[in-house]
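Undergrad: Residue numbers (the working numbering): 11 to 95. Ideal Cβ positions, reconstructed from N, Cα and C, are used throughout, including at glycine. For reference, the structure I am asking about is given below.
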C-alpha cells in the first residue's frame, strides 16, 4: 500500500514539473499547430489563417512574398513571380 502511495505521489510530482517547465518555456499547444513556414512565390500547403503577419497586410504579402488577394478573398501567386527565398 505504501509503495502505491509513493508511486502516485512521484507521478504527480513529475506531472507538475513537466507541466510547469512547458509553461515556462513559452511553448503552447497553439504555437505547435500554428502552421509551418511560408516560401515566397508558393502557396503550397499555406493556410492564410495561420499567418496573419503576412496575409493581414496585402501590400506586405505582395512585396515580400508575391501574393495577391483576389476580389473573392482568395490568395494567388503573381504571374512570373521570382522573388528570392
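Distance check for residue 23 and residue 93, CA to CA, integer angstroms please.
TA: Taking the first residue of the chain shown as 1, we reach residue 93 at position 83. Taking the first residue of the chain shown as 1, we reach residue 23 at position 13. When rounded, the distance between both Cα atoms is 52 Å.
Undergrad: Looking at the secondary structure, which residues open and close the alpha helix (DSSP H) in which residue 65 lies?
TA: Residue mapping note: residue 65 aligns to position 55 of the chain shown, counting from 1. Element bounds for residue 65: 62-65.
Undergrad: Could you tell me which of 47, 51 and 79 sits nearest to residue 61, measuring between CA atoms?
TA: If you number the chain shown from 1, residue 61 lands on position 51. The option with the nearest alpha carbon to residue 61 is 47.
Undergrad: Is it buried or exposed, residue 55, if we count other Cβ atoms within 10 angstroms and call 16 or more buried?
TA: Residue 55 sits at position 45 when you count from the first residue of the chain shown. Under this definition residue 55 is an exposed residue.
Undergrad: Here's the rule: buried if 16 or more other CB atoms are within 10 angstroms of the residue's CB, otherwise exposed. What is residue 73?
TA: Your numbering for residue 73 matches position 63 in the chain shown. The residue in question, residue 73, is exposed, as its Cβ has fewer than 16 Cβ neighbours within 10 Å.
Undergrad: Tell me the DSSP bridge mates of residue 78?
TA: Along the chain shown, read from residue 1 onward, the residue named residue 78 stands at position 68. 86.
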